[in-house]
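Working notes, structure below.
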Amino acid sequence: MPWAEVIEELESKLVGTLKGTFTPMDGVPFFRVMYPPREEREALRQFRLLSERVKQQGWQVECISLTYVFREALASLFGCKVEELSERMKKEERTRNRKELKSSLVEHLPTEMTRIITESIESRGLFRKGVVFLIRTGAIYPFMRPSHLLAQLEGKVKCAIVIAYPGTSVGAFLDSEAAGLYGGYYRGEIIQWR
């Protein structure tokens with residue numbers, strides 16, 4: 000069963016990092032877990048089970064949905080409440096060129112999402128001995144790739160980050176083409192789907 004192997008590798012490296020017995024690639028405690036997009040439901044279940052096991056070992060763990068972060072960031076950028084976002088987006092689409100709107104979001108969303116994530120991590124008191132699972136990563140596509148988000152987070156967070164990656168090739172996210180060797184952020188550990 001592929002999930003058993005993937006989660007076993009992740010858990011070993013993650014707990015080893017927290018205990019100081021394992022040093023992740025490049026010394027960056029980021030773990031990108033790759034899986035086929037069709038496995039999203041099982042990925043969420045596996046990450047929740049793993050987060051509970053890590054908590055039981057005494058580590059502080061939080062799961063943050065990038066769907067939630069994405070909505071909060073959009074509301075902040077459009078100056079409205081999350082509840083008003085749907086109507087505001089419809090209004091923006093009627094008054095602005097769709098390409099211009101997407102371009103603006105691509106430019107500003109990474110910074111805003113990073114701010115929301117770092118504030119959430121800080122407010123929960125997660126430091127070096129904590130773990131954040133970033134789930135529902137598909138919500139940020141096509142405005143941002145996970146590599147861009149991780150690049151923004153490096154140096155701003157001290158805890159370990161596990162990011163769900165619904166793709167089976169490095170750089171290929173969901174149904175997009177691979178970004179190429181120089182098109183993304185690949186520091187930290189990559190847990191490959193088997």
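In numbering that gives the first Met the number 0, the protein residues as written are 0 to 193.
Where is the CB? At the ideal position from N, CA and C, for every residue including glycine.
Could you tell me which residues DSSP pairs with residue i in its beta bridges?
i: Q59; result: G129
i: S64; result: I134
i: I190; result: V32
i: V156; result: E153
According to DSSP, is residue i part of a helix, a strand, or is it coil?
i: K165; result: Rather than Lys, the amino acid found at residue 165 in this sequence is Pro. DSSP places P165 in strand when its eight states are reduced to three.
i: M24; result: helix
i: D174; result: Caution applies to D174, whose pLDDT of 47 falls short of 50 and renders its modelled position unreliable; the value that the coordinates give is listed next. Correct three-state label for D174: coil.
i: F77; result: helix
i: M143; result: coil
i: R31; result: strand
i: Q45; result: helix
i: Y181; result: Only weak support is given to the placement of Y181: the predicted model assigns it a pLDDT of 42, under 50, and the question is left unresolved by the model.
i: R37; result: helix
Do residue j and residue i come within 8 Å of each other at the CB atom, strictly closer than that value?
i: M33; j: G187; result: no
i: F132; j: C62; result: yes
i: I160; j: L152; result: yes
i: P35; j: R193; result: no
i: L48; j: P109; result: no
i: E106; j: L100; result: no
Roughly how far, in whole angstroms, is the beta-carbon of residue i from the beta-carbon of residue j, given that I think they are within contact range, below 8 Å?
i: V60; j: G129; result: 7 Å
i: I189; j: E8; result: Actually they do not touch by this definition, with Cβ atoms about 10 Å apart.
i: T136; j: L43; result: Contact doesn't hold; Cβ gap of about 11 Å is too wide.
i: A74; j: L84; result: 5 Å
i: T117; j: V156; result: 6 Å
Practice prompt. Answer yes if the segment 8 to 24 comes into contact with the segment 108 to 115, meaning at least three C-beta pairs across the two stretches below 8 Å, and no otherwise.
Written response: no
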